[in-house]
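Colleague:
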Amino acid sequence: MPSNEPPAHLSDNAAQWWREVLRDYSLEPHHLHLLQSACEALDRMAQARAELAAHGALTFTDARGVIKAHPAEAIERNARIAFARLVRELDLDAGAVAGASAPRPPALVSNRRG
């Protein structure tokens with residue numbers, strides 16, 4: 036059974052978010068695997084952003100003079116998409132914590148029953 040403590044490999048930021056989620060939401064044990072994946076995606080986004088900041092541009096010129104997108108741009112985008120999907124899969128919305136009844140986005144087709 037997964038632990039309620041954040042995995043050791045997570046950044047301080049992701050570990051803090053892990054703790055906040057577990058403080059504010061009631062998750063089943065199998066949801067902790069999804070939460071871990073979301074935290075890892077959060078870390079991957081930050082790593083890719085840091086790489087882009089260090090490089091200073093979203094593009095680079097290869098050895099043949101062709102301008103190409105920096106690989107970290109795709110990594111950041113994919114991690115952002117994964118994070119958003121995992122947060123949605125875990126049903127972590129701000130309204131649930133505050134008790135607000137804001138409309139939710141439509142359910143994913145793959146999650147519908149019936």
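149 is the number that our numbering gives the last residue of the sequence shown; the numbers go up by one with no jumps.
Positions of the beta carbon are idealized from the N, C-alpha and C atoms, including for glycine.
Could you name the residues of the same chain whose beta carbon sits closer than 7 angstroms to that of residue 39, not counting the 5 residues immediately before and after it, in chain order?
Modeller: These residues qualify, in order along the chain: 57.
Colleague: Apart from the five residues just before and just after residue 83, which ones in its own chain have a Cβ nearer than 7 angstroms to its Cβ?
Modeller: Result list for residue 83: 107, 110, 111 and 114, in chain order.
Colleague: Measure the Cβ-Cβ separation of residue 76 and residue 117 and say whether it is below 7 angstroms.
Modeller: In this structure, residue 117 lies closer than 7 angstroms to residue 76 by Cβ.
Colleague: Looking only at DSSP bridge pairs, what is residue 104 linked to?
Modeller: According to DSSP, which records beta bridges pairwise, residue 104 is partnered with 94.
Colleague: Please report the residue range of the alpha helix (DSSP H) in which residue 57 lies.
Modeller: Here the alpha helix (DSSP H) through residue 57 covers 47-59.
Colleague: Keeping to the same chain, check which residues put their C-beta closer than 7 angstroms to that of residue 122; ignore five residues upstream and five downstream.
Modeller: 73.
Colleague: In its own chain, which residues sit with a C-beta less than 6 angstroms from the C-beta of residue 41, not counting the 5 before and 5 after it?
Modeller: Excluding residues within five positions, the ones whose Cβ falls inside 6 angstroms are 50 and 53.
Colleague: Could you give the distance in angstroms between the alpha-carbon of residue 66 and the alpha-carbon of residue 79?
Modeller: Cα to Cα, the separation comes out at about 20 angstroms.
Colleague: Could you check whether residue 125 and residue 69 sit closer than 7 angstroms to each other, using their CB atoms as the reference points?
Modeller: Yes; because the gap between Cβ atoms is below 7 angstroms, this pair is in contact.
Colleague: Residue 90 to residue 61, Cα distance in whole Å?
Modeller: Taking the straight line joining both Cα atoms gives about 41 angstroms.
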